[in-house]
Structure formats: C-alpha cells, structure tokens
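To keep things clear, I will list the structure first and then write my remarks on it.
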Amino acid sequence: VCANFARWPREELMNQLRSAGIACGALNEVEELVRHPQLETIGYDAPSGSITVIAPPVEFTDGVRRYRPVPALGEHSDAIRLEFEEIMA
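All residue numbers for the sequence shown refer to the working numbering, where the first residue is 334 and numbers rise by one.
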C-alpha cells in the first residue's frame, strides 16, 4: 500500500480517494506541521512571567481575538470548590 501511495502526488491521491467515497486524511511533513495555522502561538503575560501558548483555533467574524489574563495560582480555587460542592449535593 505504501509503495503504491508513494507514487501519487498527495493532492491528486486525496482527490481520487475522496471522489471514491473513501475517508482519508494526509499526514503533514514536519516542516508543514510547524507552519500549520492551528499551531499558531500567542504570548501571554502571566503572574509568573511571559509564556507562549498555542492560540485558540477559533476566529471570530470581526477577526479580533480577545484574551483574558492568565489567572494567578489559586485565583479561582474557591469558585471551583463551590461548583463541585453544588454538583455533589
């Protein structure tokens, strides 16, 4: 199978498989993966310093992404505990 698939240009093979109703997906080369839009990173200022994280995959219609600040360690602990207490009650 690998030898036969290797003879086809990727896009042409994907089109052939899809037109035949065969579910398929292509694997990225490492170079392609690094440039993949879903791996775009953003910088955050956290209480402990600056960090880099993968950007959310969602883009809103106005094209502007809004981010809330990273919470401090334990900042939401009480609210989370209360939520679990309510669930367990």
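The C-beta atom is built at its ideal place from N, Cα and C for all residues, glycine as well.
Closer than 8 Å is the cut-off here; do at least three beta carbon pairs connect the stretch 360–371 with the stretch 394–404? no
Go ahead and pull the three-state DSSP assignment for V334. Judged by DSSP in its simplified three-state form, V334 adopts coil rather than helix or strand.
Span of the beta strand (DSSP E) around V386: 382–387
Tell me whether D395 sits in a helix, a strand or coil according to DSSP, three-state version. Looking at D395 - three-state DSSP - the assignment turns out to be coil, as it is neither helix nor strand.
How far does the beta strand (DSSP E) with A422 in it reach, from first residue to last? Run containing A422: none; DSSP gives neither H nor E here.
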